[in-house]
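Trainee: For reference, the structure I am asking about is given below.
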Amino acid sequence: MVEPRLCESCGMPMKEASEHGGGEINNPYCKYCTTVDGKLKSREEVREVMIGLYVSKGKTREEAEKVVDEHMARMPAWKE
Ligand SMILES: [Zn+2]
């Protein structure tokens, strides 16, 4: 049993190659954070995807932005 790797951009656990960017098991980013060829999207694009996710779960835009900004500040791909 292999430990699931966490996407270095959004923190999503990735158990299968198909969940990695470009379907490539060594890609440190998930399919949601990458373009079709497995390249990491821009910070703004990733942020929008995550905000949309929280809004779809019932948060307001404002609440979602706050949660996502705090979350991204801890991610290896985005922390400064
Ligand atoms: Zn991701």
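Counting in numbering that gives the first Met the number 0, the sequence shown runs from 0 upward without gaps. Even for Gly, the Cβ is constructed at its ideal location relative to N, Cα and C.
1. Exposed or buried, V35, counting other C-beta atoms within 10 Å across all chains shown (16 or more means buried)?
2. Per DSSP, C29 forms a beta bridge with which residues?
3. When burial is assigned at 16 or more other CB atoms within 10 Å of the CB, is R60 buried or exposed?
4. Identify, in the order they occur along the chain, each residue of the same chain with its Cβ nearer than 8 Å to the Cβ of V66, setting aside the five sequence neighbours on each side.
5. Hey, would you say G22 sits closer than 8 Å to Y28, going by beta carbons?
Mentor: By the coordinates alone:
1. As a position in the sequence shown, residue 35 is number 36, starting the count at 1. The residue in question, V35, is exposed, as its Cβ has fewer than 16 Cβ neighbours within 10 Å.
2. Taking the first residue of the sequence shown as 1, we reach residue 29 at position 30. DSSP, once it has assigned bridges, lists H19 as partnering C29.
3. In the sequence shown, residue 60 corresponds to position 61, counting from 1. When all chains shown are included, R60 counts as exposed.
4. For this step, residue 66 is matched to residue 67 along the sequence shown. Same-chain partners within the cutoff: Y53, K58.
5. The residue you call residue 22 lines up with position 23 of the sequence shown. The residue you call residue 28 lines up with position 29 of the sequence shown. No, the Cβ-Cβ distance between G22 and Y28 is not below 8 Å.
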